[in-house]
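J.: Have a look at this one before I ask anything.
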Amino acid sequence: MGNTLVFGASGQLGQCLAHVATERGVPGLVMLAEEEANILNPDGLRAAFAHYQPQYCINCAAYTAVDKAEDELELARRVNRDGVGNLARLCAEFGTTLLHVSTDFVFAGTGNQPLQETDEAAPISAYGLTKLEGEQVIAAHTTQYFILRTSWLYSEFAGNFVKTMLRLGREREELRVIWDQLGTPTYAIDLAGCLLHIIETGNTHYGLYHYSNEGVTSWYDFAVDIFALGGLNTRVIPIRTDEYPTKATRPTYSVLDKTKAKTQLGVAIPHWRTSLQECLRRLA
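The letter at position 44 of the sequence shown is residue 261 when you use my numbering, and the numbering goes up by one with no holes.
Encoded structure:
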C-alpha cells in the first residue's frame, strides 16, 4: 500500500482518521494540517504530491461554518470548491485516488424518504451550495474518486453537538432543542473507518456514496439520548425550527440511503445509538 495524504488533519475527521489508523495499524498515512499544506496553495500541494507520490488522498479540509457562510460565500467557495479543485487536478496528474467528504446539505430536505445518490441535489444554503460545487469540480477533473456525503458528524474530538450538549447539560437544568429536523447522527470514527476500509480493500467502485450511521432521529431525541446515556438529568424541551432562527436554512429531512455504500463498498454500518454509546464511553 502506497502513501495516503490526509488534508485537514487537525480537524475532527482528520483526528478520527489518525486514531482509527493507529488502532488498526494502517500504514502510510501522512497527516497534513492546514498550516503544512493549505488546499488553497497549489504550489504547496504540488510539492507535497511530488514528495510523497501518494496512492490515495483523503480530503478532510472544508469550510464548515454553516451560518457564517451566508455572509462569507466567496470564502466558503474558495475552500469548498476551488481548494477541492486543486486537489482533484493533482490527483488526476499523479494517478492518485481522491477520497472526499461532502454533506447532506446538498439536498433541499423537503421530502420524507431516505435520500439516494441519484436524487436531485438542490442546496438551500450557501454552505450546501459550495459543497455541491466541490463535488462537481471533482467529477470534472478526475475519474478516480470516492465522494462520501455524510450528516450530523460528532466524535470525542474537536467541537460538535454531542460535546456541546454534555457541557450545557452539566451547566443548566433545562435546554430547548429542535424536534422538527430529522436526520441521522454520524460518529466520525465510523466514517473514518469507512474511508480506511476503501483504501485497505483497494476498492475501485469509484463514484458518489452516502454514509451516515443507521436509523433516524431528531435533534431533540438525539439530545435526550445523549443526556440519558451520559447520566445527566437535564430536561429537554422540544421546539420548532422557527423558534430558533438561524442565518442559514437547514434541511428538514436529510436521512441518507446507505444501500450503495453497503453493497459497493462492503461496509457494515452501526445504528446511531450504538455508536453514540461508544463515543460516550470513550469520552468518559
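Backbone N, C-alpha and C define an ideal beta-carbon position, used for all residues, glycine too.
So what does residue 276 bridge to, in DSSP terms?
T.: For the purposes of this step, residue 276 is identified with residue 59 of the sequence shown, where counting begins at 1. Per DSSP, 224, 317.
J.: Enumerate in chain order the residues of its own chain whose CB-to-CB distance from residue 319 is below 6 Å, with the five nearest sequence positions on each side excluded.
T.: Against the sequence shown, residue 319 aligns to sequence position 102. Only 348, 352, 364, 366 meet the Cβ criterion.
J.: Assign residue 467 to one of three DSSP states: helix, strand, or coil.
T.: Here the question's residue 467 lines up with position 250 in the sequence shown. Coil, per DSSP.
J.: For residue 240, list the residues DSSP reports as bridge partners.
T.: Taking the first residue of the sequence shown as 1, we reach residue 240 at position 23. In the DSSP output, where bridge partners are listed per residue, residue 240 has none listed.
J.: Look at the alpha carbon of residue 368 and the alpha carbon of residue 468, and state the distance between them as a whole number of angstroms.
T.: Along the sequence shown, read from residue 1 onward, the residue named residue 368 stands at position 151. Along the sequence shown, read from residue 1 onward, the residue named residue 468 stands at position 251. Roughly 11 Å between the two C-alpha positions.
J.: Residue 302 by DSSP, collapsed to three states: which one?
T.: Here residue 302 corresponds to residue number 85 of the sequence shown, with the count starting at 1. Helix at residue 302.
J.: From residue 219 to residue 479, what does the alpha carbon distance come to, in whole angstroms?
T.: Residue 219 sits at position 2 when you count from the first residue of the sequence shown. Residue 479 sits at position 262 when you count from the first residue of the sequence shown. Approximately 25 Å between the Cα atoms of the pair.
J.: Check the DSSP bridge columns for residue 455 and list the partner residues they point to.
T.: For the purposes of this step, residue 455 is identified with residue 238 of the sequence shown, where counting begins at 1. Paired residue(s): 394.
J.: Using the Cβ count rule (16 or more neighbours within 10 Å means buried), how would you classify residue 225?
T.: Here residue 225 is taken as the residue at index 8 of the sequence shown, counted from 1. By the 10 Å Cβ count, residue 225 comes out buried.
J.: Please look up how many angstroms separate the CB atoms of residue 262 and residue 303, rounded, as I've assumed it's under 8 Å.
T.: For the purposes of this step, residue 262 is taken as residue 45 along the sequence shown, with counting starting at 1. For the purposes of this step, residue 303 is taken as residue 86 along the sequence shown, with counting starting at 1. Yes, residue 262 and residue 303 are in contact; Cβ-Cβ is about 6 Å, under 8 Å.
J.: Using a 10 Å radius around the Cβ and a threshold of 16 neighbouring Cβ atoms, would you call residue 430 buried or exposed?
T.: Within the sequence shown, numbered from 1, the residue matching residue 430 stands at position 213. Answer is buried; the Cβ neighbour count reaches 16.
J.: Let me know the secondary structure DSSP gives residue 368 once reduced to three states.
T.: The count along the sequence shown starts at 1 and reaches residue 368 at position 151. Of the three classes helix, strand and coil, the one that applies to residue 368 here is coil, per DSSP.
J.: Since residue 424 sits in a beta bridge, which residues does DSSP pair it with?
T.: One-based indexing of the sequence shown puts residue 424 at position 207. The bridge partners DSSP lists for residue 424 are 363.
J.: Can you name the start and end residues of the beta strand (DSSP E) that residue 484 belongs to?
T.: Indexing the sequence shown from 1 puts residue 484 at position 267. From DSSP, residue 484 is part of no beta strand (DSSP E); its letter is neither H nor E.
J.: Does the region 263-272 come within contact of the region 307-318, defined as at least 3 CB pairs closer than 8 Å?
T.: yes
J.: Among the residues of its own chain, which have a CB less than 6 Å from the CB of residue 235, if the five just before and after it don't count?
T.: The residue you call residue 235 lines up with position 18 of the sequence shown. So the qualifying residues of the chain are 248.
J.: In terms of residues, what are the limits of the beta strand (DSSP E) holding residue 408?
T.: Walking along the sequence shown from the start, residue 408 turns up at place 191. Not the beta strand (DSSP E): residue 408 falls in the alpha helix (DSSP H), residues 405-418.
J.: Among all the DSSP beta bridges, which residues are the ones paired with residue 334?
T.: Here residue 334 refers to the residue found at position 117 of the sequence shown. In the DSSP output, where bridge partners are listed per residue, residue 334 has none listed.
J.: Taking 8 Å as the threshold, find out whether the region 286-302 comes into contact with the region 334-341 through three or more Cβ pairs.
T.: no
J.: The beta strand (DSSP E) with residue 246 in it runs from where to where?
T.: Counting from one through the sequence shown, the residue named residue 246 turns up at place 29. Per DSSP, residue 246 belongs to the beta strand (DSSP E) from 246-249.
J.: Do residue 159 and residue 283 have their CB atoms nearer than 8 Å?
T.: Residue 159 falls outside the range modelled here, since the chain spans only 218 to 501, and no answer is possible.
J.: For residue 431, does the three-state DSSP call read helix, strand or coil?
T.: Counted from its first residue, the sequence shown places residue 431 at position 214. Of the three classes helix, strand and coil, the one that applies to residue 431 here is strand, per DSSP.
J.: Spell out a yes or no on whether the region 447-454 and the region 385-398 are touching, meaning 3 or more CB-CB pairs, one atom from each, closer than 8 Å.
T.: yes
J.: Which term fits residue 221, buried or exposed, when burial requires 16 or more other beta carbons within 10 angstroms of its beta carbon?
T.: Start at 1 with the first residue of the sequence shown, and residue 221 comes out as number 4. Per the 10 Å Cβ criterion, buried.
J.: Who are the near neighbours of residue 488 in its chain, counting only those whose CB is closer than 7 Å to its CB and skipping five residues on each side?
T.: Along the sequence shown, one-based indexing puts residue 488 at 271. The answer, listed in chain order, is 430, 431, 432.
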